Structure formats: structure tokens, C-alpha cells
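Novice:
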Amino acid sequence: MTKLKEASRNSPIEFECINEKKRQKKKSYKNSGVISVKQCEITVECTFLDYIMGGCQLNFTVGVDFTGSNGDPRSPDSLHYISPSGVNEYLTAIWSVGLVIQDYDADKMFPAFGFGAQIPPQWQVSHEFPMNFNPSNPYCNGIQGIVETYRACLPQIKLYGPTNFSPIINHVARFAAAATQQQTASQYFVLLIITDGVITDLDETRQAIVNAAKLPMSIIIVGVGSADFSAMEFLDGDTGSLRSPSGEAAIRDIVQFVPFRQFQSAPKEALAQCVLAEIPQQVVGYFNTYKLLPPKNPATATK
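Position 137 (the sequence shown) corresponds to 137 in full-length UniProt numbering; numbering is contiguous.
1) Counting only the same chain and skipping the five closest in sequence on each side, list residues whose C-beta sits under 6 Å from that of residue 129.
2) Taking contact to mean 3 or more Cβ pairs, one atom from each stretch, closer than 8 Å, check whether the stretch 163 to 170 and the stretch 180 to 190 are in contact.
3) How long is the line joining the alpha carbons of residue 86 and residue 285, rounded to whole angstroms?
4) Can you list, in chain order, the residues of its chain with a C-beta nearer than 8 Å to that of residue 133? Leave out the 5 residues immediately preceding and following it.
5) Which word fits residue 211, buried or exposed, when buried means at least 16 other C-beta atoms lie within 10 angstroms of its C-beta?
6) Could you check whether the stretch 101 to 114 touches the stretch 136 to 145, counting it as contact only if at least three pairs of C-beta atoms, one from each stretch, sit closer than 8 Å?
7) In or out: residue 15 buried (at least 16 other Cβ within 10 Å) or exposed?
8) Measuring CA to CA, which of 197, 200, 215 is closest to residue 178?
9) Per the contact definition of three or more C-beta pairs closer than 8 Å, is the stretch 229 to 239 in contact with the stretch 247 to 260?
10) Would you give the residue range spanned by the alpha helix (DSSP H) that residue 24 belongs to?
11) Contact between the stretch 45 to 56 and the stretch 87 to 99 is defined here as three or more beta-carbon pairs at a separation below 8 Å; is this criterion met?
12) Would you kindly report the start and end of the unbroken beta strand (DSSP E) that includes residue 14?
13) Any idea if residue 222 is buried or exposed, counting beta-carbon neighbours within 10 angstroms, 16 or more meaning buried?
14) Taking 7 Å as the limit between beta carbons, can you name the residues of its chain near residue 233, skipping five residues before and five after?
15) When the distance is taken between beta carbons, is residue 54 closer than 7 Å to residue 298?
16) Between 27, 126, 13, which lies nearest to residue 37 when the distance is taken from Cα to Cα?
17) Buried or exposed for residue 303, going by 16 or more other Cβ atoms inside 10 Å?
18) Can you tell me which of 244, 125, 104 puts its alpha carbon nearest to the alpha carbon of residue 57?
19) Look at the Cβ atom of residue 91, then the Cβ atom of residue 224, and state whether they are nearer than 7 Å.
20) Can the beta-carbon of residue 67 be found less than 7 Å from the beta-carbon of residue 116?
21) For residue 289, is the classification buried or exposed, using 16 other Cβ atoms within 10 angstroms of its Cβ as the cut-off for buried?
22) Determine the extent of the beta strand (DSSP E) in which residue 59 is found, giving its start and end residues.
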């Protein structure tokens, strides 16, 4: 193995192929050929657990759809209506996914954003506003903090539209781009978008996803309600590479779409399992592609 590692195009390592039977029969026998190794590279491919145990942090961000198609939050027919038991489809999705993914984040401080609403004080439509209305500190303390912030935000805004994804995708992508300066696999970003309807900036979103595919980032889209989600399934590259409007193909699949209604009567764990099913391979795929190792040796990190 040591000799193989020393191989190079300028100084190849050669190994003779010897047939013992022929060598015993013929005195003039030299070899049956020569294998010349011009280059040998030994790479270490880590697993998802290796990265997590080695100190990689998953940075979790939530984006909530506050467009008018959700219905008046005061009406029981609205997807944002909080029932007497204190839940709705948005909250259930946040709890189901968040409770699993928060275990992979050390500080458990999560940015939470809304889009598609008119916000105070000017009541202009925003597609990227912190749900706590604090742009300099949009973080919530744990999943419970996201839930409390969502509940406090809802009566302070006016649901409007349209349904634009690209601003919040690009927002998280800026942080993921900064993380590409890392010398180790220390950070990976996961954006959860919960939406009720048909996307209106499809071309811009396609471009944003193609750009984000080059970064340490994944996108989970949970569709609530009973709208037409065919565009969301299109963004999920399971059936082929997503392409930008200019034709550029995403270098990897980073989008997972899940329709909430399919899991409405199932245990919360079933939704979380489906939503997060592709995250481990997406994390491993990115870091292995760029040959980034965990910050710490996984074998000694827990000692």
C-alpha cells in the first residue's frame, strides 16, 4: 500500500505478474507481464453518522407561507386557524420535522421566516421577513420557540401574496455560500418551507435551487392543504435533474417534497421519517464530493 501511494505519472510503480508454474518449468521465464501504476489515490468516505459525531452542525431554518390562499386565520376553514387543541397543519409539520432535526444542532437556535404577507408598519408585502420582526436576530429558541413565535406573528400580519420561494431560498443560500470557505465539514444548512399552494416564481426558484445545489444546503418542502402541488413535485429532482431556465442542470438533488395530507392520520414519526429520508445522503454526497472531513475524528469525538 505504501508503494501504491508513492505512485505518480512521472514515477510509476511497477509490479511483475509471475506465474509460478511457468517459472518452475522455464529457466528463461521472466514474467507474464507488468502492471504499471501511474497514480493511486486513497480517499476516505465518511458516513452521515461520522459527520455528525465528528462535529458537523445542521443549521435548520423554517419558512412559512402566509399568503392569502391559506384563508382568514380566524376562520376554522383556514390552514392557519389554530384549533382549540392548539394545532394546525403548519404547526404539526414544524413539530414533526423540527423535533428530529434539532438534535443535530448544538445551540438549537433556529431562524424562522415568513413570506407572502403584508407586515407592519408600512404593510408592504414581504417574501422574507423574520417572524419575530427582528431582522438582526431572527432566531428562535428551539422548536417550542418557533411555535410560540409563529403564534405571536399570525395576528400581527395580513395574509396576501403571491407565493414566492426564491427570496427565502437565496437568503439561506447566502449563509451556505459563506460556509464553503470552511476547511472541514463543519456546517450544513437545511431549509424547511411549509406552503399551501401553487408557486408563482417558478423560474426564479429553479435558478435559486440550481445555485444552492453547489452549496452545503438541502431544501424540504411540505405541502399543506389540498392544492395542486405538481410544481413542487417538479422541483423535487427524483425523476431527473432539475434545470434552471437557461438549461443549467443541478449538480445534485437537494429538494424533498412531501404532501402533508398523505400523513395526516399517521403518527408524527412517519412524516418526519419521510421528510428527512434524503437528508443524510445529501449531506454525505456534498462533503464527499468536495473531500471535506469532519472537524473531529468521529472515533475520538465522544471520548
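Don't be surprised by glycine CBs; every beta carbon is placed ideally from N, CA and C.
These numbers come from a predicted model, not from an experiment.
Specialist: On the basis of the supplied data:
1) The residue given as residue 129 occupies position 129 in the sequence shown. Counting only Cβ-Cβ distances below 6 Å, and skipping sequence neighbours, we find 114, 119.
2) Contact fails: fewer than three Cβ-Cβ distances are below 8 Å.
3) Working through the sequence shown from its first residue, we reach residue 86 at position 86. Working through the sequence shown from its first residue, we reach residue 285 at position 285. Their Cα atoms are separated by approximately 39 Å.
4) The sequence position of residue 133 within the sequence shown is 133, counting from 1. Hits under 8 Å: 119, 120, 153, 156.
5) The residue labelled residue 211 in the question sits at position 211 within the sequence shown. Residue 211 comes out buried.
6) Proximity of the stretch 101 to 114 to the stretch 136 to 145 meets the contact definition, three or more beta-carbon pairs being nearer than 8 Å.
7) Within the sequence shown, numbered from 1, the residue matching residue 15 stands at position 15. Exposure of residue 15 is indicated by the presence of fewer than 16 other C-beta atoms within 10 angstroms of its C-beta.
8) For the purposes of this step, residue 178 is identified with residue 178 of the sequence shown, where counting begins at 1. Residue 215 is the option with its Cα nearest to residue 178.
9) A contact exists between the stretch 247 to 260 and the stretch 229 to 239.
10) Here the question's residue 24 lines up with position 24 in the sequence shown. According to the DSSP assignment, residue 24 belongs to the alpha helix (DSSP H) that extends over 20 to 25.
11) Cβ pair count under 8 Å is below three, so no.
12) Taking the sequence shown and counting its residues from 1, one reaches residue 14 at position 14. Start and end: 13 to 16.
13) If you number the sequence shown from 1, residue 222 lands on position 222. It counts as buried.
14) Position 233 of the sequence shown, counting from 1, holds the residue named residue 233. Take residue 233, set aside five residues on each side of it, and the residues of its chain with a beta-carbon closer than 7 Å to its own are 257, in chain order.
15) Locating residue 298 in the sequence shown gives position 298, where the first residue counts as 1. Locating residue 54 in the sequence shown gives position 54, where the first residue counts as 1. Between residue 298 and residue 54, the C-beta spacing is below 7 Å.
16) Translated into positions along the sequence shown, residue 37 becomes position 37. Nearest of 27, 126, 13 to residue 37, Cα basis: 13.
17) As a first step, residue 303 is located in the sequence shown; it is residue number 303 there, counting from the start. Unreliable positioning characterises residue 303 in this predicted model, as indicated by a pLDDT of 47, which lies under 50. The coordinate reading is nonetheless provided below. It is exposed - the Cβ of residue 303 has fewer than 16 other Cβ atoms within 10 Å.
18) Sequence index remark: in the sequence shown, residue 57 carries index 57 (1-based). Answer by Cα proximity: 104.
19) The sequence position of residue 91 within the sequence shown is 91, counting from 1. The sequence position of residue 224 within the sequence shown is 224, counting from 1. The criterion of a C-beta distance shorter than 7 Å is not satisfied by residue 91 and residue 224.
20) Along the sequence shown, read from residue 1 onward, the residue named residue 67 stands at position 67. Along the sequence shown, read from residue 1 onward, the residue named residue 116 stands at position 116. Contact: yes.
21) Translated into the one-based positions of the sequence shown, residue 289 becomes position 289. The residue in question, residue 289, is exposed, as its Cβ has fewer than 16 Cβ neighbours within 10 Å.
22) As a working note, residue 59 is residue 59 in the sequence shown. Taken as a continuous stretch (DSSP letters only), the beta strand (DSSP E) holding residue 59 covers 57 to 65.
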